[in-house]
Amino acid sequence: MAPGGSALKEALESNSTGLDYEVKMAKVEANNKPAKSGSGSIGKFHSSNGVYELLECLVCTNLMYPPIYQCPNGHTLCSSCKLRVQNTCPTCRYELGNIRCLALEKVAESLEVPCRYQNLGCHDIFPYYSKLKHEQHCRFRSYNCPYAGSECSVTGDIQTLVDHLKDDHKVDMHDGCTFNHRYVKANPHEVENATWMLTVFNCFGRQFCLHFEAFQLGMAPVYMAFLRFMGDENEAKKFSYSLEVGAHSRKLTWQGIPRSIRDSHRKVRDSQDGLIIPRNLALYFSGSDKEELKLRVTGRIWKEE
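My numbering puts the first residue of the sequence shown at 4, with every later residue one more than the last.
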């Protein structure tokens, strides 16, 4: 539940500024020569530990990409950290100026390096300057926590996030591909950014996040339910889902493909990619007194052939 949000119950029926930086000095063994790549490309070398360390920024320890700068004494750092240290070398305190380390940039062109997500399952090797672009879209990269309504910086693989949602956010976990939820809210007139609810379903051996919330859509208060898939977009397209809400011989239905949690909660919500229930209709479904919100949302998840 978002901080400051109104009470909602769910009844289930189914590093510092300045120059204080930790400087990491690169150490290269004299006999630590790069090994020639087995890829068959001419002039390409797999990065050995020593060469790899040379390309780490002494300030942030991230890999450096052009322009790579150096001070008059040869200490190197990336362009971002050059601005952070106010143009003063953090190692020897000499003025940096605008001296490019062209030799190190050239060395980088000859390297082939592994993806940073190697320990998560990506075993491909890339030319140094292609590595960064690949990592932005690598299917093994970490996922952000899908919990909405609070700032959560936790990242990890799917199992890590499932455990995190259960243990830290106390999210309800359920097995099955059909669900029947009853959402009750004491004051239906408190709508704006009032409520975030999340339930996780284990279905077909995968996990799906069911979101239900209240917010303002322009000037109109609405309720919305939608599903997100805990995995990549290509995998999400293998599934479909439907949602239904109604009463008094009337109903609203929604059918679509679950969005990947690669897409943020806000992005999905703002795209209106789900079941949207205007407040007046939600109150009609709730009963005649309009004093309490009572919505029953049913749904089904299935796998496309």
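All C-beta atoms in this analysis are idealised placements derived from N, C-alpha and C, irrespective of residue type, glycine included.
Which of helix, strand or coil does DSSP assign to residue i?
i, result
"T163", "helix"
"E138", "helix"
"F288", "helix"
"H268", "helix"
"E247", "strand"
"R282", "helix"
"K297", "strand"
"P37", "Note that P37 has pLDDT 37, beneath the 50 cutoff, so the model's placement of it is unreliable and no number is given."
"Y132", "helix"
"Y24", "In this prediction, Y24 scores a pLDDT of 30, lower than 50, which makes its location untrustworthy; the coordinate-derived value is nonetheless stated afterwards. Y24: coil per DSSP, three-state reduction."
"G302", "strand"
"K30", "Note that K30 has pLDDT 32, beneath the 50 cutoff, so the model's placement of it is unreliable and the number below is only indicative. Three-state result, K30: coil."
"V203", "strand"
"N122", "helix"
"R262", "strand"
"D170", "helix"
"N196", "Residue placement at N196 cannot be trusted, given a pLDDT of 46 that sits under 50; what the coordinates show is reported in the next sentence. Coil."
"G8", "With a pLDDT of 40 at G8, under the threshold of 50, the modelled position of this residue cannot be trusted, and the question is left open."
"A106", "helix"
For the beta strand (DSSP E) that residue i lies in, which residues bound it at each end?
i, result
"N183", "181-188"
"L114", "114-117"
"V225", "223-232"
"E308", "Element bounds for E308: n/a, residue is neither H nor E."
"F143", "Taken as a continuous stretch (DSSP letters only), F143 belongs to no beta strand (DSSP E), as it is neither H nor E."
"A217", "209-220"
"L255", "253-259"
"D175", "175-178"
Whose C-alpha, out of the options, is nearest the C-alpha of residue i?
i, options, result
"T256", "H177, Q219, R299", "R299"
"Y244", "S82, K306, K85", "K306"
"V165", "G179, C148, C180, T181", "C148"
"Y72", "R103, E59, Y55", "R103"
"P75", "E108, Y97, A189", "Y97"
"R142", "D276, G290, S263, A285", "S263"
"F188", "V62, Q121, E216", "According to the sequence as given, residue 188 is Lys; it is not Phe. The shortest Cα separation from K188 among V62, Q121, E216 belongs to E216."
"R231", "P224, V225, A223, K241", "K241"
"S252", "Q258, Y287, F218, I279", "Y287"
"S133", "R144, N122, Q121, E115", "E115"
"F218", "L105, R269, L86", "R269"
"G77", "L66, M200, L105, C63", "L105"
"I260", "S83, H177, L66, F211", "F211"
"G208", "Y186, H184, K173, Q162", "Q162"
"S83", "L220, I279, P93, C63", "C63"
"P130", "Y120, E112, R144, L123", "E112"
"N283", "E247, V248, P224", "P224"
First and last residue of the alpha helix (DSSP H) that includes residue i?
i, result
"A239", "236-239"
If I'm right that residue i touches residue j with Cβ under 8 Å, what's the distance once you round it to whole angstroms?
i, j, result
"L99", "T91", "7 Å"
"H137", "C118", "6 Å"
"C206", "I304", "5 Å"
"F182", "G302", "5 Å"
"Y150", "L168", "6 Å"
"G179", "F204", "7 Å"
"M227", "G277", "5 Å"
*If you scan the stretch 43-104 from start to end, which runs of the alpha helix (DSSP H) of 4 or more residues do you find wholly inside it?*
52-57, 82-87
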